[in-house]
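> Residues 46 to 114 in this note's numbering are what the sequence shown spells out, letter by letter.
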Amino acid sequence: MKTINSRKEFIESLKDIRAVEILARKGYEQDTITFQNFEITNTIAKIKMDEDAHIKLLDELIRMLEKNF
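Here it is, written out as structure tokens:
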């Protein structure tokens, strides 16, 4: 893991994490199509909701940091 030395680098790192969260969510969407077992699809749906919350939180944090609070 690289050292973050500035606010700009911190924001860029948060954007990278956000991108990973979005890719993970898309993967879960594909898994929902793949699996037919209700317990599995229900668990995946809950994970997707968590990913949505993470993405929203990261969006808000990035927005706050870019506006300097």
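For each residue, glycine too, the CB sits at the ideal point set by N, CA and C.
Of the residues S51, E74, D104, which one's Cα is nearest the Cα of K91?
Against the sequence shown, residue 91 aligns to sequence position 46. That would be E74, whose Cα lies nearest to the Cα of K91.
> Would you say the stretch 103-110 touches the stretch 50-59, given that touching needs at least three Cβ pairs under 8 Å?
These segments touch.
> Locate the alpha helix (DSSP H) running through S127, then write down its first and last residues.
With the chain covering only 46 through 114, there is no way to say anything about residue 127.
> Would you check if the distance between the CB atom of K93 and the CB atom of R70 is smaller than 8 Å?
Here residue 93 refers to the residue found at position 48 when the sequence shown is read from its first residue. Here residue 70 refers to the residue found at position 25 when the sequence shown is read from its first residue. Result yes, Cβ atoms of K93 and R70 sit closer than 8 Å.
> Taking the straight line between their C-alpha atoms, what separation do you get for N113 and T48?
Position 68 of the sequence shown, counted from the start, is the residue given in the question as residue 113. Position 3 of the sequence shown, counted from the start, is the residue given in the question as residue 48. For N113 and T48, the distance between alpha carbons rounds to 21 Å.
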